[in-house]
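The sequence shown begins at 1 in the numbering used here and counts up one residue at a time. Some notes on the structure that comes next.
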Amino acid sequence: MATTANFNLEIEEELPLEENFIEQAEYIDRAKFQKLAAEHPNETEILKKLMGGGAKLLIGPRGCGKSTLMKKAYYRLIEESADKTLPVYVNFKLTLKLEPYYVNGPNASYWFRSWLIAKILLSIWEAMEEHGNLVAPESFPPKEFISKAINSLEASSASADQIDKFTLTFLTEHIEELISRNELKRCVILIDDAAHSFSEKQQEDFFDFFRAIKSRTISPKAAIYPGITSNSANFHVGHDAEQIDAWIKPSGKEYEAFMVSLASKRFEGADLDFISGNEEDIILLAYAAFGIPRGFLGMLRSVFNTPDTYINTNGGLNKSKLLRLSRIGRDMSHGVYDSLTAKLPSYESYVENGSRAYQAILAQIRDFNKGKPLEKQALQFAVKTPINADLEKVFGFLQYSGLIMSSGSILKGEKGAFQHYHVHIGDLTTENIIVGSRTKSVSSFLKVIRAPKHQAWPRLTSTSIFEKAGLVSEDFTLALPLCHACSTPRSNPEARFCSNCGAKLKPSSAYEELVKRDISVLPISKRLEKRIKEHSQIRRIRDILTDANRETLLGISYIGKARAQAIVGHAEEYVS
Numbered sequence: 001m002a003t004t005a006n007f008n009l010e011i012e013e014e015l016p017l018e019e020n021f022i023e024q025a026e027y028i029d030r031a032k033f034q035k036l037a038a039e040h041p042n043e044t045e046i047l048k049k050l051m052g053g054g055a056k057l058l059i060g061p062r063g064c065g066k067s068t069l070m071k072k073a074y075y076r077l078i079e080e081s082a083d084k085t086l087p088v089y090v091n092f093k094l095t096l097k098l099e100p101y102y103v104n105g106p107n108a109s110y111w112f113r114s115w116l117i118a119k120i121l122l123s124i125w126e127a128m129e130e131h132g133n134l135v136a137p138e139s140f141p142p143k144e145f146i147s148k149a150i151n152s153l154e155a156s157s158a159s160a161d162q163i164d165k166f167t168l169t170f171l172t173e174h175i176e177e178l179i180s181r182n183e184l185k186r187c188v189i190l191i192d193d194a195a196h197s198f199s200e201k202q203q204e205d206f207f208d209f210f211r212a213i214k215s216r217t218i219s220p221k222a223a224i225y226p227g228i229t230s231n232s233a234n235f236h237v238g239h240d241a242e243q244i245d246a247w248i249k250p251s252g253k254e255y256e257a258f259m260v261s262l263a264s265k266r267f268e269g270a271d272l273d274f275i276s277g278n279e280e281d282i283i284l285l286a287y288a289a290f291g292i293p294r295g296f297l298g299m300l301r302s303v304f305n306t307p308d309t310y311i312n313t314n315g316g317l318n319k320s321k322l323l324r325l326s327r328i329g330r331d332m333s334h335g336v337y338d339s340l341t342a343k344l345p346s347y348e349s350y351v352e353n354g355s356r357a358y359q360a361i362l363a364q365i366r367d368f369n370k371g372k373p374l375e376k377q378a379l380q381f382a383v384k385t386p387i388n389a390d391l392e393k394v395f396g397f398l399q400y401s402g403l404i405m406s407s408g409s410i411l412k413g414e415k416g417a418f419q420h421y422h423v424h425i426g427d428l429t430t431e432n433i434i435v436g437s438r439t440k441s442v443s444s445f446l447k448v449i450r451a452p453k454h455q456a457w458p459r460l461t462s463t464s465i466f467e468k469a470g471l472v473s474e475d476f477t478l479a480l481p482l483c484h485a486c487s488t489p490r491s492n493p494e495a496r497f498c499s500n501c502g503a504k505l506k507p508s509s510a511y512e513e514l515v516k517r518d519i520s521v522l523p524i525s526k527r528l529e530k531r532i533k534e535h536s537q538i539r540r541i542r543d544i545l546t547d548a549n550r551e552t553l554l555g556i557s558y559i560g561k562a563r564a565q566a567i568v569g570h571a572e573e574y575v576s
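Structure (C-alpha cells):
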C-alpha cells in the first residue's frame, strides 16, 4: 500500500490563513466553521434527520464529512430551535483511552459506561453555556468535577466513589429535568466519532448504551465507520436506529459544485486566486479525492503552502504536477488502511494480504479497460456472492479506509447475484487503470469519469481475486500477541507463560502500544518532526496527547495555534 502523504509544513512561518486548511471540523471554532463549510449535496435531508427525533447512525469512512454534518446540526439547532430542543454535541474520538480497562481487569463495561455518561454531562454544560439562557437542575454535577472524573477514567486511575453517580438513570433523569424546567420538547445528543474503539466488546458496550439512552425525549445520533463497527447482539440497524450515508458519491454536477465551493471558501481572503481559472483541474482533483473532503483539503493545502511548486506564472496549475498533487487523497486513504496493522495487530495478515487483493482488483479493472474507448471504461467492479468470509473482512477494512465504496447488490439472471463497488478514483488515475497508455490530460480523465452510466465493469469472484493476488484462504490468520520480553508469538490464546523465554505473559493493550510510537509515524514533514524533537522533549504520541493546552508545541518556533492544532489532530486521529 502507498504511504500517507506528509502534512506539508516545509515552509517556516505559519501562514495567516493556514487555519483555513485544518481538516477536522471539530477543531474549528464556530464562526470560522460556518464561514468555511460548503453545503453537502444531501445536506437538507441529512440535517433534518440529525436534528429531529429518533436514533440515527451517520456512516462513512474517515474524512468524508461526518463531523461537519454533526456540527452543522448542532449549530442549526442552537440558532433555530433553541426554544424547543437541547442540542448536545459530544466527541468520543478518544474512546480507545478506555481500552486498557478491557485488557487489565474486570468491570470494564462499568468504567466505560461511566466515561460515556461523564462525557455527555460535560457536553451538556458546554451546550448550556453556548445557549446562554438555560436553567440547570440544582443537583447537576459541577463542570470541574465532571472534567476531573473524565481525566481519572482516561488515566485508568478513577475510583468507584468518584464516579458512582454516573449512571444511565442519573443521566436521563437530569436531561429530562433540564427539558422540563426549560419547557423544551427533546434533547438531541450528537455523538461524533462514536464506536471508534477497535475492541469489539467496547463497541458492543457503546451500542448497548446507545440503545438504552433512546427515549421519547432523548434522541441520540452517532457517527460511525463502515466495515469495522461491531453492533451488540441486542442492537439492530433499521429497528433500533436508522442509518444515514454521509459519504458523497463522487459523480455528477452536484458533487463537482460542492467541491469547487469548498475550495473557493478555503481560499477566500487569500492573495492566491487559482480557482476560477482552473476549474476543470480543480474538478479532477475533487474526483481524485473520491468523495472525501479531507483528502481534497490536503491537496488544496499543498497548493496554498507552496504555490510556486504548483502554479505557473500565468496563474494556471502546472499540468505536470497535477497528477502528483492528485495522489494526496489516495495516499491519505492508503495511510488509514496501513494504520490498521498497528490498531488491529491480530489482523495483520488480513491487512497485508488485503493490500495484495486490492492490487489484484485494480489489475483486473486495468485489463478490462484495455482497448476500450474512454467513455466505456470501468470505474467499478462487482464480486459474485456469497463473498469469501476472509475477503469480506478485507472489503470492510477497505471501506473503512475509503478505498472502495459499496453501491449495493445487482442480479444478473442465471449468472447470479453480485456485490457492486466503486474504486478510489485517485488510484484509477495514478495507477494507469483508466485512460491507460494514451497521452494523459485533464480532459481525457474527465471524459472517463463523467461518462454516462453503463453496465460495463469486470465481474469477479472471490477465487479470481485470490488467484490474481496469489493468495489462498489459509494465508489469512489471526496473530496472537507477542511476548513482552522476547517478542515471540504466543503459542495459543490461553498461554500464561512464553514458550520461548518463560516470562509471564501480560495482557496486550492496543492503545498503550499506539501511544508509545515515535511521532515519525504521524503525517508531518521530516523538517517539522526534527524541529519538534530539537526544541522540546516530545518524542512519542503520548507526549503530544499529554501536552496540556498545547503549551509545549506552542513554545516551538514557527508553530502557531493552527499548526499546533493540526499536529494534535493527527495524534488523536492516530489513536482513534
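Yeah, the Cβ is synthetic: ideal placement off N, Cα and C, and Gly gets one too. Note that this is a predicted model, so its numbers are computed, not measured.
Report the option in the options whose CA atom is closest to the CA atom of residue i.
i    : options                : result
L325 : S302, G315, N312       : S302
L379 : S407, S355, D390, E352 : S407
K265 : N234, F304, L344, L545 : F304
L297 : S157, A38, Y75         : A38
N278 : R294, F290, L300       : L300
I189 : I218, M405, I532       : I218
Q419 : L460, L36, K48         : L460
K49  : A73, H40, K35, P41     : A73
S339 : R294, C486, S576       : S576
I146 : D245, T309, A246, I117 : I117
K71  : M51, R327, V472        : M51
Please return the same chain residues whose Cβ sits closer than 6 Å to the Cβ of residue i, not counting the five positions on each side in sequence.
i    : result
A357 : V394, I465, A469
A451 : E375
T4   : Low confidence applies to T4: its pLDDT is 43, below 50, so where it sits in the model is not reliable enough to give any reading.
N388 : S462
If you check the beta carbons only, do residue i and residue j fall under 8 Å apart?
i    : j    : result
I59  : H131 : no
K97  : E154 : yes
G329 : I292 : yes
I365 : I433 : yes
L528 : V237 : no
V88  : I124 : yes
K32  : E43  : no
V515 : R540 : yes
Y337 : L398 : yes
E23  : G63  : yes
L168 : P141 : no
When DSSP builds the beta bridges, which residues end up paired with residue i?
i    : result
P489 : L482
D518 : R540
F418 : K384, I410
Q243 : L57
F497 : K504
K221 : K56, L190
P373 : Paired residues: none, contrary to the question.
Quick check: the Cα distance between residue i and residue j, rounded to an integer number of angstroms?
i    : j    : result
D240 : N91  : 21 Å
Y400 : P458 : 23 Å
T172 : I213 : 7 Å
I410 : H422 : 13 Å
Y581 : N104 : A question about residue 581 goes unanswered here, because the residues of the chain that appear run from 1 up to 576.
H334 : E254 : 26 Å
L482 : T488 : 5 Å
E176 : A288 : 47 Å
S536 : A566 : 17 Å
K447 : K384 : 29 Å
K530 : S157 : 34 Å
E10  : A562 : Bear in mind that the predicted position of E10 carries a pLDDT of just 46, short of 50, making it unreliable; the figure below should be weighed with that in mind. One C-alpha to the other measures close to 15 Å.
K440 : G316 : 17 Å
F207 : N312 : 52 Å
L554 : S232 : 42 Å
E513 : A342 : 8 Å
E256 : L285 : 10 Å
K372 : G436 : 10 Å
K165 : D308 : 58 Å
V135 : I559 : 40 Å
F7   : S67  : Reliability of the predicted coordinates at F7 is poor, the pLDDT of 43 falling under 50, and the value obtained from them is presented with this limitation in mind. Going by the C-alpha atoms only, they are around 20 Å apart.
V568 : F368 : 44 Å
A2   : K84  : Note that A2 scores a pLDDT of 45, beneath 50, so its modelled location is shaky and nothing firm can be said.
W247 : I425 : 14 Å
Leaving out the 5 sequence neighbours to the left and right, which residues in its chain are closer than 7 Å to residue i when beta-carbon positions are compared?
i    : result
F476 : S349, Y350, N353, D390
A360 : I465, K468, A469
I282 : V260, A263, I275
A82  : H131
Looking only at its own chain, which residues have a Cβ that is under 8 Å from the Cβ of residue i, when we skip the five neighbours before and after it?
i    : result
G416 : K384, T385
Any beta-carbon of chain B closer than 8 Å to the one on residue i?
i    : result
F140 : No chain B appears in this structure, which consists of one protein chain only.
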